[in-house]
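Residue numbers (the numbering used here), protein chains in the order written: chain A, 1 to 276; chain B, 1001 to 1295.
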Amino acid sequence: MDKGFLIFAQGEEYIKQAYLAALSITATKNSYRTSIVTSDVVPNEYKWAFDKIIPIPWYEETDSRFQTEHRWKLYHATPYNETIVLDADVLVLQDLDYIWKFFENYDLYFPTRVFTYRKDLVTSDFYRKAFTANNLPNVYNALHFFKKSEKSKEFYTWVELITNNWELFYGKFCKEFFPKQPSMDITCAIAAKIMDIDADITNVKQDMPMLVHMKPKIQNWVQDTETWGNRVGIYLTDELKLKVGNHLQDTVFHYVDNDFVTDKIIGKYENAVRNI
Amino acid sequence: MVTSKGVLVFARNNAQIDYCKQAYALAKRARKFLDVPTSIVTDSTEFLLNEYPDAEQVFDKIISIVWKEEDLAENTTLSKTENHALRTFYDGTLIEKKLHFKNETRTLAYELSPYDETLVLDTDVVICNSTLKKCFDRTHDFLIYRTSYDLANNDRSTDFERISDTSVDFYWATCVFFRKTPTNKLFFDLLQHIQENWPHYNNIFQINTPYYRNDYSFAIAIHIMNGYQRGDFAKDMPGVLYYTTDKSILWELNDTDMLLLLDKQGYSGEYTPIRTKGATVHVMNKFSLNRCIDG
């Protein structure tokens, strides 16, 4: 198949998030459908939202929180020639056809610039000290793109190798702020660095695809906070116009906090998609 | 067709501050530096005419606003918002007074202005150059300052960046230029709506202050006009808006120069003197401004 969105989700919470993400993609009249990669059972009432439900290849159960050890497999699991990979906790708030066109120029693409809900560029490295200290490319995995190609295959082969030997690679490339657990962002950054392709798979001057990242400590707030939902109001209209802190969100919204996902929000999306 | 142009000022005196005096001085400076007439909106017309016998020559038009009983029946903005807050006014760092702050009428600027192209100014803007005249040459129909510069160079960046920590961009309602267009009519109607429903907007825009403030309502209205995001409804006024807070003191004022005693942050009662030459400044210490106007 030609093109599509792919979401990795393990666990009840994440499958629900993936369902909402898939609904948001359909609701915004995107041309391409969404598949989910999971080894969990997708509830029957969610199945209609997905193009395909794909089991994680070569799956062995682990207890890691973000299931990072399986994410390299997306390259092999995708049913599409060109894939936009999304984290489960995103809402797509516009038709991304123009992003697909932009990605035609690339084998792989990772955003390096993310934005606050007010669409200010995030400059804080509060959550990314390891990237700064170790001079790693500032890639975000929450939305990225690959097409089936030799270069992408080589990249994901490195991602596999680093994932399976993360302490070894992190010890060499991420000595400062060595994390307690592997992170897919750091793993991809190391793979890019090893292959010396960060300039080919990122564009530091490019805001596209505009990814609004809702981790609370990068919102340029003076007052410290642990969860963003405590600081700003969320308004979602029946027409699916989302305002956060009175700022209209119209790109890709990475809400991060699972409390964002309520039955009311899912219900509004279900109604909207059924009425298309 | 001849386009009428002019400055509009709002002057509503309280127990101690004569805003009419500032408006009178501003009108003379507007004529001199900007070559445009000034109209005054005031609830103190009788006082103005008694105190300044040549007021009718200095001002192009004197527009009286008096709150009347029929306003209540007609449900006007004036009647609905006539609830003056007591605000602390400083005269340098050591003197403070609680006085009424009558700032509710600015949102009526569109309907009250006699001009096709209007420059609304606070009475405490001391015009010392012709920069503001460039407004009338700009093609954009609505201009306002997004940023301003504290001459004391005290760090107030967080005060005037947003209307609150989590909310929308701050704008200075101190100087606003607008043309009479359907879009700007909509903007001022929206402003009146925000003002009339201030507790609601105060709450949902997380301003967390009980007072109505024009800067805030303008900021909210601009944000809404931009579709709840950043946009180009409002563009920047020409030049730079300098200001001094009311904790600084205007000591001397002549044609184009000012001697100011600037508040030394962290050293209450101590000041740094500076002299400005040919710079238009928003002098928030109204007591010292009035002393200087008196000479």
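Glycine residues also receive a C-beta, built at the ideal position from the N, C-alpha and C atoms. Since the model is a prediction, treat every value here as computed from it, not as a measurement.
Q.
Since G233/A and D257/A should fall inside the 8 Å C-beta cutoff, what is the C-beta to C-beta distance between them, to a whole number of angstroms?
A. A Cβ-Cβ separation of about 14 Å leaves G233/A out of contact with D257/A under the 8 Å criterion.
Q | Interface residues of the region 229-255 of chain A facing chain B [CB-CB below 8 Å] | A | So the close ones are R231, V232, G233, K243, G245, N246, H247, L248, D250.
Q. Which chain A residues sit within Cβ distance under 8 Å of I1249/B?
A. At a beta-carbon threshold of 8 Å, none of the residues of chain A lie near I1249/B; the nearest stands roughly 29 Å away.
Q: Starting from W1251/B, trace the beta strand (DSSP E) both ways and give me its first and last residue.
A: Residue range 1249-1253 is occupied by the beta strand (DSSP E) that includes W1251/B.
**Q.** Bounding residues of the alpha helix (DSSP H) (the contiguous stretch that carries L161/A)
**A.** If you look at L161/A, you'll find it in the alpha helix (DSSP H) that goes 150-164.
Q) So, helix, strand or coil for W1198/B, using DSSP? A) Residue state, collapsed to three classes: helix.
**Q.** Sequence-distant residues of its chain with Cβ nearer than 7 Å to T78/A (five each side left out)
**A.** So the list reads L6, once near-sequence residues are dropped.
Q | Nearest-angstrom Cα separation, counted from S1130/B out to V1036/B | A | About 11 Å.
Q: Tell me whether A130/A sits in a helix, a strand or coil according to DSSP, three-state version.
A: Helix, per DSSP.
Q. Any Cβ of chain B within less than 9 Å of the Cβ of V212/A?
A. Not flagged as an interface residue toward chain B: V212/A, since no C-beta distance is shorter than 9 Å.
**Q.** Short CB-CB distance (under 9 Å) between Y1171/B and chain A
**A.** Among the CB atoms of chain A, none fall inside 9 Å of the CB of Y1171/B.
Q. Expressed to the nearest angstrom, what Euclidean distance is found between the alpha-carbon atoms of N1184/B and Y1110/B?
A. Those two C-alpha atoms are separated by around 8 Å.
**Q.** C-beta neighbour in chain B for V92/A, strict 9 Å
**A.** Not one chain B Cβ lies under 9 Å of V92/A.
Q. Mapping DSSP to helix, strand and coil, what is H1282/B?
A. Correct three-state label for H1282/B: strand.
Q) Can you find a CB in chain A that lies within less than 9 Å of the CB of V1126/B? A) Residue contact with chain A for V1126/B: absent (no Cβ-Cβ distance below 9 Å to any residue of chain A).
Q) Candidates I1040/B, G1231/B, G1092/B, I1194/B: which alpha carbon is nearest V1283/B's? A) Ranking the options by Cα distance to V1283/B, first place goes to G1092/B.
Q) Taking 9 Å as the CB-CB limit, is F118/A close to chain B? A) Reading off the sequence, residue 118/A comes out as Arg, not Phe. Yes - at least one Cβ of chain B is within 9 Å of the one on R118/A.
Q) Got a sec, what are the start and stop residues for the beta strand (DSSP E) S1064/B sits in? A) Boundaries of the beta strand (DSSP E) around S1064/B: 1061-1064.
Q: Assuming V92/A and S24/A form a contact by the criterion Cβ under 8 Å, report the distance between their Cβ atoms to the nearest whole angstrom.
A: In this structure V92/A is in contact with S24/A, their Cβ atoms being roughly 5 Å apart against a cut-off of 8 Å.
Q. For I197/A versus F155/A, is the C-beta distance shorter than 9 Å?
A. Taking 9 Å as the cut-off, the Cβ atoms of I197/A and F155/A count as close.
**Q.** Separation of H144/A from A199/A, as counted between CA atoms
**A.** A straight line joining the alpha-carbon of A199/A with that of H144/A spans about 15 Å.
Q. On the three-state DSSP scale, how would you describe D196/A?
A. DSSP places D196/A in coil when its eight states are reduced to three.
Q: For the alpha helix (DSSP H) holding A1219/B, just list the boundary residues, first then last.
A: The continuous alpha helix (DSSP H) containing A1219/B extends over residues 1214-1225.
Q) Going by the CB atoms, is the gap between K1097/B and F1089/B shorter than 9 Å? A) Less than 9 Å divides the Cβ of F1089/B from the Cβ of K1097/B.
Q: Pick out whichever of Y32/A, Q94/A, V159/A has its Cα sitting closest to the Cα of I84/A.
A: Residue Y32/A is the option with its Cα nearest to I84/A.
Q: Rank L1132/B, F1142/B, Y1216/B, S1004/B by C-alpha distance to the C-alpha of E1104/B and give the top, closest one.
A: Answer by Cα proximity: Y1216/B.
Q. In whole angstroms, what separates the C-alpha of G1278/B from that of V1240/B?
A. Between the C-alpha atoms of G1278/B and V1240/B there is a straight-line separation of about 12 Å.
**Q.** Closer than 8 Å at the beta carbon, the chain A residues around F1205/B
**A.** Correct list: N246.
Q. Quick one, which of Y1271/B, D1159/B, A1030/B, A1219/B has its alpha-carbon nearest L1190/B's?
A. The candidate whose alpha carbon is nearest that of L1190/B is A1219/B.
Q: Look at the Cβ atom of T1276/B, then the Cβ atom of L1260/B, and state whether they are nearer than 9 Å.
A: Between T1276/B and L1260/B, the CB-CB gap stays under 9 Å.
(Q) One question on the structure: do R1230/B and D1169/B come within less than 9 Å of each other, judged by their Cβ atoms? (A) Yes, they are a contact pair.
Q: Go to D2/A, then tell me how far its beta strand (DSSP E) extends in each direction, as first and last residue.
A: Unbroken run through D2/A: none, as it is neither H nor E.
Q) Taking Cβ positions only, does W100/A come closer than 9 Å to chain B? A) Interface with chain B (9 Å Cβ-Cβ cutoff): W100/A is excluded.
Q. Closer than 9 Å, CB to CB, is V222/A near chain B or not?
A. Answer yes: the Cβ-Cβ gap between V222/A and chain B drops below 9 Å somewhere.
Q. Counting contacts by CB-CB distance shorter than 9 Å, is R1012/B in contact with chain A?
A. Output row for R1012/B: interface = no.
(Q) Counting C-beta neighbours from all protein chains within 10 Å, is the total for P1273/B 16 or more, i.e. buried, or is it exposed? (A) Counting Cβ neighbours within 10 Å, P1273/B comes out exposed, since fewer than 16 surround it.
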